[in-house]
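Student:
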Amino acid sequence: MSFESGDVAPREHRKLTDPKAMRAIAHPTRLALLEALGRREPLTATEAAEMVGESPTNCAFHLRTLAKYGFVEEAGGGTGRSRPWRRAHIGFTLDESDPAGATAAAALSAVLWDSWLERIRRIGTMRYAFPEHWNKITSAAESVFYLTPEEAETFKEELTAMLFRYRERLEDPSLRPEGAVAMELIQFTFPADALHTSED
Numbered sequence: 019m020s021f022e023s024g025d026v027a028p029r030e031h032r033k034l035t036d037p038k039a040m041r042a043i044a045h046p047t048r049l050a051l052l053e054a055l056g057r058r059e060p061l062t063a064t065e066a067a068e069m070v071g072e073s074p075t076n077c078a079f080h081l082r083t084l085a086k087y088g089f090v091e092e093a094g095g096g097t098g099r100s101r102p103w104r105r106a107h108i109g110f111t112l113d114e115s116d117p118a119g120a121t122a123a124a125a126l127s128a129v130l131w132d133s134w135l136e137r138i139r140r141i142g143t144m145r146y147a148f149p150e151h152w153n154k155i156t157s158a159a160e161s162v163f164y165l166t167p168e169e170a171e172t173f174k175e176e177l178t179a180m181l182f183r184y185r186e187r188l189e190d191p192s193l194r195p196e197g198a199v200a201m202e203l204i205q206f207t208f209p210a211d212a213l214h215t216s217e218d
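With the first letter of the sequence shown counted as 1, position 191 gets the number 209 in my numbering; the numbers rise by one all the way through.
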């Protein structure tokens, strides 16, 4: 997810409220395209196809669909499959409070969780072959701690603030130090008792 970010306003996280947009993004290829743009941008459909393992024609179609629902935008220059694209936002969250969008939000959540868990499984099987410097920065941990609901909210906000210290590097590649690599953090926090709650 190369362009000069000084020419555009900083991109924000998008709060998804439109069920149509949720259904549009709940597609493995479209999510893969957003992930590819997160690693390098701008990308043409042909360049994206090499990264996600799809045909340029298929990627061009999905990029246009993503643009229709406001997930990507043209980066300027080029035509057709040579047209470069970039993300319109640096990420999105779901608004699951609106009953009208609950079904679409649940479907998108399922696709996202499947995607995240599959990546974790792949890393687990591949890690043994990583070079040493990659192994040192790859980690997995499980922790249990006791928080009030208010403290849990604060904890989540503090984690987000820590990650946002590096946010400008997403926007401007020139700010990335030599040797910087794209790191992914997949985080799940939930009340442990939920695992032991009877479904009856």
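Ideal Cβ placement from N, Cα and C applies to all residues, glycine included.
(1) My output table needs one value for residue 92: the three-state DSSP class, helix, strand or coil.
(2) Is residue 31 buried or exposed, if buried means 16 or more other CB atoms sit within 10 Å of its CB?
(3) With H, G and I counted as helix, E and B as strand and the rest as coil, what does DSSP make of residue 110?
(4) Any idea which residues DSSP pairs residue 103 with across the strands?
(5) By the DSSP assignment, the alpha helix (DSSP H) with residue 137 in it spans what residues?
(6) Looking at the structure shown, is residue 52 part of a helix, part of a strand, or coil, going by DSSP?
(7) Determine the DSSP secondary structure at residue 32, reduced to helix, strand or coil.
(8) Does the pairing of the segment 139-152 with the segment 55-68 give three or more beta-carbon distances under 8 Å?
(9) Between which two residues does the alpha helix (DSSP H) harbouring residue 168 extend?
(10) Could you check if residue 176 is buried or exposed, using at least 16 other CB atoms within 10 Å of its CB as the buried criterion?
(11) From which residue to which residue does the alpha helix (DSSP H) around residue 11 run?
(12) Roughly how many angstroms lie between the CA atoms of residue 53 and residue 117, to the nearest whole one?
(13) In three-state terms, what does DSSP make of residue 82?
(14) Counting Cβ pairs, one atom from each stretch, are 3 or more of them under 8 Å apart for the segment 107-115 and the segment 73-81?
(15) For residue 44, which residues from the same chain have a beta carbon less than 7 Å from its beta carbon, with the 5 sequence-adjacent residues on both sides left out?
(16) Run through DSSP, which three-state label would residue 20 get?
Tutor: In short:
(1) strand
(2) exposed
(3) strand
(4) 61 and 92
(5) 120-144
(6) helix
(7) strand
(8) no
(9) 167-181
(10) exposed
(11) No statement about residue 11 is possible, as the shown extent of the chain runs from 19 to 218 and does not include it.
(12) 28 Å
(13) helix
(14) no
(15) 125, 126 and 129
(16) Low local confidence applies: a pLDDT of 31 at residue 20 is under 50, so the model's placement there is unreliable, and no value is given.
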